[in-house]
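A.B. asks: For what it's worth, our numbering labels the leading residue of the sequence shown as -9, then goes sequentially. Here a beta-carbon is modelled for each residue, glycine too, at the ideal position from N, C-alpha and C. Next up is a structure, given as structure tokens.
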Amino acid sequence: KILGISAFFHDSAAALLIDGKIVSAAQEERFTRIKHDASYPFNAVEFVLKYTGLKLIEIDQIVFYEKPFLKFERLLETYVAFAPKGFKSFSRAMPIWLKEKLFQKKMIIDKLKEHDQNFFDENKIFFSEHHLSHAASAFYPSPFEEAIILTADGVGEWATTTVAVGKGNELKMKKEIHFPHSLGLLYSAFTYFTGFKVNSGEYKLMGLAPYGRPIYEEKIINNLIDIKEDGTFRLDQSFFNYATGLTMINENFEKLFGQKSRDGENEKITQFHMDVAASIQKVTEDIMLKIAKSLRNEFGLKNLCLAGGVALNCVANGKILKEKIFENIWVQPASGDAGGSLGAALALWYTEQNNPRIINLEDDMQGSYLGPKYSQTEIEKKLSSLGAKFTVYNDEEIINHTSENLSKGYAIGWFQDRMEFGPRALGNRSIIADARSHTMQKNLNLKVKYRESFRPFAPSITRDDLSEWFEMNVDSPYMLFVSKVNKNKCKTMNDEEKKLFGIDKLNIKRSEIPAVTHIDYSARIQTVHKKTNLKYHKLITKFKEITGCPVIVNTSFNVRGEPIVNTPEEAYNCFMGTELDSLVIGNCLLLKKDQDKF
């Protein structure tokens, strides 16, 4: 029984393995309701233990996802290398490190005792390396006997990009690019520059990119980053401030682009910001493609696994897929730091303890449905105590009513079975809607999600119908590949529409499924499989029977600034606090018009 923990940077999480099988995993944010919560994942640890009825004292090993001493070494060496620059940042960081972070083993033991006073065996605690945790999280649950594992993120201890080769139960690190040269931090620098929040706004930058033209690509390549033929790179530190300062970029960066950083919420997004987003997205895609091509040539393996924050850039993933560099690609659904908890546990089980690996041809993540679940009895009890008006139906009736309501244009909160692990809602904690509606994208963004109107939504489609609607025919259960809508489903723009710029392009109906078609005719696809999510599969199949269309909108069940809902009460509150028309929790159906107003 191995407990994996990631914490203290962002997206803290806990995961539990029993005899190598992934049993449960969850992010701390879902319990504390603090988005990207970085604190010790007390609630997540409690959940993974409780799910299997274990006490902490019954756990055999506890493994942390990175090595604090190596990280401290990197900080010290960086400050020395850049001295006297960065003294302000140094003087802020050191007291925290010397007081808490450096002695993380003791700190973790103290925290673990909060779960179980009888816990005292510090020999049970292990530390993995950050990028090994990422790589293990991608390779071991993958359906491959052997693969290249590419991890790219901001920074671990020293590494920012690593290449590993996995064969059977072995995982060997082959290459590393070290801090301060980081593709993740370069992307985050542009996230900061365009006025979004670092470590959470990167999705927004990616969503904004298709509205712009990559006119600054040359400027980035000629000034900020030196890219070699094999995709390896170095960043010119004279434009950045993240190594020693408290911001991502400096005045030189702003001078290069001729503008100050956008002031978040207070400043409008302009065509300039869209073009900047398009440019850094293009550079990122090109680097990932170059690395992928050189790795295929060098190692000759046909399978690729991806992890790290950059692996959540599903547009870049889609480009690697489209170019057919590898025969198969598998991306860890919790690619960011949350997945490090799972990877650390897997690395201990396989690489340290040398246990045999049985490969699951589907993959071992069980659809990433690894979080808490609530019984029908618990749901009804909770809804009754909240004063909710609901009707209970059997499985077939709930599918019929929900699909009927979808076809009428309802926006529906859909809460079923176990919560997803990772940043994406995959049909268990989702807001769902009719993909055929040309007003749905705007309405969901403004009336339900309360977020920027340009943000695209993802389609959920049954796997069997995929190639009829999209230029893709591989599994994408975790919404981590972007592909184009098939041309025969697209609508050609007229001359007037072609003249439109920026956000004005948003209202053009581009296809038969406009609610999920981004302005470049792309979509971030989730394929739905009978084996991993039968109820959701049945719902989409029924919707197809009614409408002829096997595609629905799927977005995470939350409002802007909040984590995805975890409990029935949170689902009900979100339903009542937004303009959702209906809520389906388990087999309970709620209609907004029937509810008493708050």
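Would you grab the beta carbon distance between A297 and T181 for me? Rounded to a whole angstrom, and I think it's under 8 Å.
C.D. replies: Mapped onto the sequence shown, residue 297 falls at position 307. Mapped onto the sequence shown, residue 181 falls at position 191. With 8 Å as the limit, A297 and T181 do not qualify as a contact, their Cβ atoms being about 20 Å apart.
A.B. asks: Please list, in chain order, all residues of the same chain as Y511 whose beta carbon is under 8 Å from its beta carbon, the five residues on each side excluded.
C.D. replies: Here residue 511 corresponds to residue number 521 of the sequence shown, with the count starting at 1. Same-chain partners within the cutoff: K474, V475, C480, R500 and S501.
A.B. asks: With a threshold of 8 Å (Cβ to nearest heavy atom), would N293 be considered close to the ligand SAM?
C.D. replies: Looking for the ligand SAM in the displayed structure turns up nothing, as the structure carries no ligands at all.
A.B. asks: Per the DSSP calculation, E160 is bridged to which residue(s)?
C.D. replies: Mapped onto the sequence shown, residue 160 falls at position 170. According to DSSP, E160 bridges with K157.
A.B. asks: Can you tell me the Cβ-Cβ gap for E559 and K439, rounded? I've got them flagged as a contact below 8 Å.
C.D. replies: Taking the first residue of the sequence shown as position 1, residue 559 is located at position 569. Taking the first residue of the sequence shown as position 1, residue 439 is located at position 449. Going by Cβ atoms, the distance from E559 to K439 rounds to 20 Å, so no, they are not a contact pair.
A.B. asks: When the Cα of K520 is compared with those of G538, D454 and E19, which residue comes out closest?
C.D. replies: Sequence index remark: in the sequence shown, residue 520 carries index 530 (1-based). Among G538, D454 and E19, the Cα nearest to that of K520 is on D454.
A.B. asks: Just to confirm my understanding: we take E166, look at its own chain, exclude 5 residues before and 5 after, and list those with CB closer than 6 Å. What are they?
C.D. replies: Mapped onto the sequence shown, residue 166 falls at position 176. The residues are A149 and T152.
A.B. asks: Could you give the residue range of the alpha helix (DSSP H) that holds T517?
C.D. replies: Here the question's residue 517 lines up with position 527 in the sequence shown. T517 -> not in any alpha helix (DSSP H); beta strand (DSSP E) instead, spanning S512 to V518.
A.B. asks: Would I536 be called buried (16 or more neighbouring beta carbons within 10 Å of its own) or exposed?
C.D. replies: Residue mapping note: residue 536 aligns to position 546 of the sequence shown, counting from 1. Result: exposed.
A.B. asks: Tell me where the beta strand (DSSP E) around L431 begins and ends.
C.D. replies: As a working mapping, residue 431 is identified with position 441 in the sequence shown. Residue 431 is actually Gln in this sequence, not Leu. Segment M430 to N433 is the alpha helix (DSSP H) holding Q431; no beta strand (DSSP E) there.
A.B. asks: In chain order, what residues of the same chain have a beta carbon less than 6 Å from the beta carbon of Y232, not counting five sequence neighbours either side?
C.D. replies: In the sequence shown, residue 232 corresponds to position 242, counting from 1. Once the five neighbours on either side are set aside, the close Cβ partners of Y232 are L175 and M238.
A.B. asks: Helix, strand or coil for F230? Go by DSSP, reduced to three states.
C.D. replies: Reading the sequence shown from its first residue, position 240 is the one you call residue 230. Three-state result, F230: strand.
A.B. asks: Considering only the alpha carbon of each residue, which of E486, G357, K314 and A16 lies closest to K283?
C.D. replies: On the sequence shown, position 293 is the one that residue 283 refers to. The residue with the shortest Cα to Cα distance from K283 is K314.
A.B. asks: Where do the ends of the beta strand (DSSP E) carrying T392 lie?
C.D. replies: Along the sequence shown, one-based indexing puts residue 392 at 402. Note, T392: premise wrong, no beta strand (DSSP E); alpha helix (DSSP H) at D385 to S397.
A.B. asks: Below 6 Å CB to CB, which residues in the same chain sit around P131 once its five sequence neighbours on both sides are set aside?
C.D. replies: Here residue 131 corresponds to residue number 141 of the sequence shown, with the count starting at 1. Only D353, D354 and M355 meet the Cβ criterion.
A.B. asks: Closest to L246 by CA distance: which of M264, D226 and E257 is it?
C.D. replies: The residue labelled residue 246 in the question sits at position 256 within the sequence shown. The shortest C-alpha separation from L246 is found at D226.
A.B. asks: Could you tell me which uninterrupted alpha helix (DSSP H) segments, each at least 4 residues in length, are contained entirely in the stretch 8 to 37, listed from first to last along the chain?
C.D. replies: DSSP runs (the alpha helix (DSSP H)) wholly in the stretch 8 to 37: 19 to 22.
A.B. asks: When you compare only the Cα positions, how much space is there between P204 and G492?
C.D. replies: Stepping through the sequence shown from its first residue, residue 204 is reached at position 214. Stepping through the sequence shown from its first residue, residue 492 is reached at position 502. Each residue's Cα considered, the two are about 13 Å apart.
A.B. asks: Among I422, F411 and S443, which has the Cα closest to the Cα of S393?
C.D. replies: Your numbering for residue 393 matches position 403 in the sequence shown. For the residues I422, F411 and S443, the minimum Cα distance to S393 belongs to I422.
A.B. asks: Contact defined as beta carbons within less than 8 Å: I believe F(-2) pairs with A28. What is the distance between those atoms, to the nearest angstrom?
C.D. replies: For the purposes of this step, residue -2 is identified with residue 8 of the sequence shown, where counting begins at 1. For the purposes of this step, residue 28 is identified with residue 38 of the sequence shown, where counting begins at 1. Right, their Cβ atoms sit about 6 Å apart.
A.B. asks: Based on Cα-Cα distance, which residue from K477, D9 and H121 lies nearest to I49?
C.D. replies: Taking the sequence shown and counting its residues from 1, the one referred to as residue 49 is at position 59. Among K477, D9 and H121, the Cα nearest to that of I49 is on D9.
A.B. asks: To the nearest angstrom, how far is the alpha carbon of A513 from that of I52?
C.D. replies: Within the sequence shown, the letter at position 523 stands for residue 513. Within the sequence shown, the letter at position 62 stands for residue 52. Approximately 39 Å between the Cα atoms of the pair.
A.B. asks: For D135, does the three-state DSSP call read helix, strand or coil?
C.D. replies: As a position in the sequence shown, residue 135 is number 145, starting the count at 1. Here the sequence assigns Glu to residue 135, which means Asp is not the residue at that position. Coil at E135, not helix or strand.
A.B. asks: Answer with buried or exposed for I86, where buried requires no fewer than 16 other C-beta atoms within 10 angstroms of its C-beta.
C.D. replies: Against the sequence shown, residue 86 aligns to sequence position 96. Result: exposed.
A.B. asks: Entirely within the stretch 459 to 538 and at least 3 residues each: give me those beta strand (DSSP E) ranges in chain order.
C.D. replies: If we require 3 residues or more, the beta strand (DSSP E) runs fully inside the stretch 459 to 538 come out as 471 to 474 and 512 to 518.
A.B. asks: DSSP has C304 in a bridge; who is on the other side?
C.D. replies: Your numbering for residue 304 matches position 314 in the sequence shown. Answer by DSSP bridge pairing: none, since C304 is not bridged.
A.B. asks: Apply the 10 Å Cβ neighbour rule to P540 and answer buried if 16 or more other Cβ atoms are within range, or exposed otherwise.
C.D. replies: One-based indexing of the sequence shown puts residue 540 at position 550. When all chains shown are included, P540 counts as buried.
A.B. asks: For G(-6), list the residues DSSP reports as bridge partners.
C.D. replies: Against the sequence shown, residue -6 aligns to sequence position 4. Answer is A5 and V53.
A.B. asks: Kindly list the residues whose CB is nearer than 7 Å to the CB of Y597, restricted to its own chain and excluding five residues on each side of it in sequence; keep chain order.
C.D. replies: The structure shown does not extend to residue 597, since the chain is modelled only from -9 to 588, so the question has no answer here.
A.B. asks: Write down every uninterrupted run of the beta strand (DSSP E) in the stretch 400 to 443 whose length is 3 residues or greater and which is fully enclosed by it, in chain order.
C.D. replies: The stretch 400 to 443 contains these whole beta strand (DSSP E) runs: 402 to 405 and 419 to 424.
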